[in-house]
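Structure record follows, encoded as C-alpha cells.
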Ligand code: FES
C-alpha cells in the first residue's frame, strides 16, 4: 500500500467518482444559492412608484427621456411598433430602458433608437446593440448583460415606473429611489 493510499484510507477519502459527484453538487448548491440571493435582491427591492409620462402623449417610435429611480439615472420611454416583453398599453408596446450600456458604461443616446427594428444602439464605445422587444437582450457587440429594463405600470392615462429588471452599470446594488 502506498503512502498516498494509506492516507486516503485513514481519512476516509471518497473515491474519485464520488468526489466529482459531491464536488459538482456543492458547486450547484452554491450557484443556486448565489443566483437565488441575487435574483431575490433584484426582485424584492422596494422601488419608488413614479409617474413618468402619459400614454396619450407618446408617439410611436419617438423616445422620451426620464430619470428613475434617482434623478441622475437617465432612461428612455418609448412606444414601439410591435409588442414587447414587459410592454404595457393596448399593444403591450410601451417599454422603458436605462441609457447606460451595461458593458462599460457607454452612453446610449436616444437618437440611436431605430424604430423600424426596435433596437437601441450601437453603443459608441464597442457597438453593443439591444433589442427592446426582448427585455433589452443584446443582439450585437460586446456586452454580456442585457440593458436594464424599467418596470412599468399603467394607471388610466398615467405611466408609472415601479421597478428595475437588471443591474445599472456602475452599481453593485440598484438605488431604489425611496
Ligand atoms: S460600453 Fe457599450 S459596448 Fe462597451
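In the working numbering, the protein residues as written are 4 to 181.
All residues carry an ideal CB built from backbone N, CA and C; glycine is no exception.
DSSP places residue 136 outside both helix and strand once states are collapsed to three, so it counts as coil. In this structure, DSSP gives residue 114 a helical state, which the three-state scheme calls helix. The beta carbon of residue 106 sits closer than 8 Å to at least one heavy atom of ligand 1.
For residue 153, the uninterrupted beta strand (DSSP E) segment begins and ends at 152–158.
DSSP assignment within the region 80–108 yields the following whole beta strand (DSSP E) runs of 3 residues or more, N-terminal first: 97–101. Secondary-structure assignment with DSSP links residue 161 through a beta bridge to 57 and 158. Using a Cβ distance threshold of 9 Å, residue 51 and residue 79 do not count as a contacting pair. The three-state reading of DSSP puts residue 122 in strand, counting E and B together. In the DSSP assignment, residue 67 falls within the beta strand (DSSP E) that extends over 67–70. Residue 165 and residue 129 have their alpha carbons spaced roughly 30 Å apart. Measuring C-alpha to C-alpha distances from residue 173 to each of 90, 103 and 159 identifies 103 as the nearest.
Looking at the DSSP output, residue 167 sits in a beta bridge with 153.
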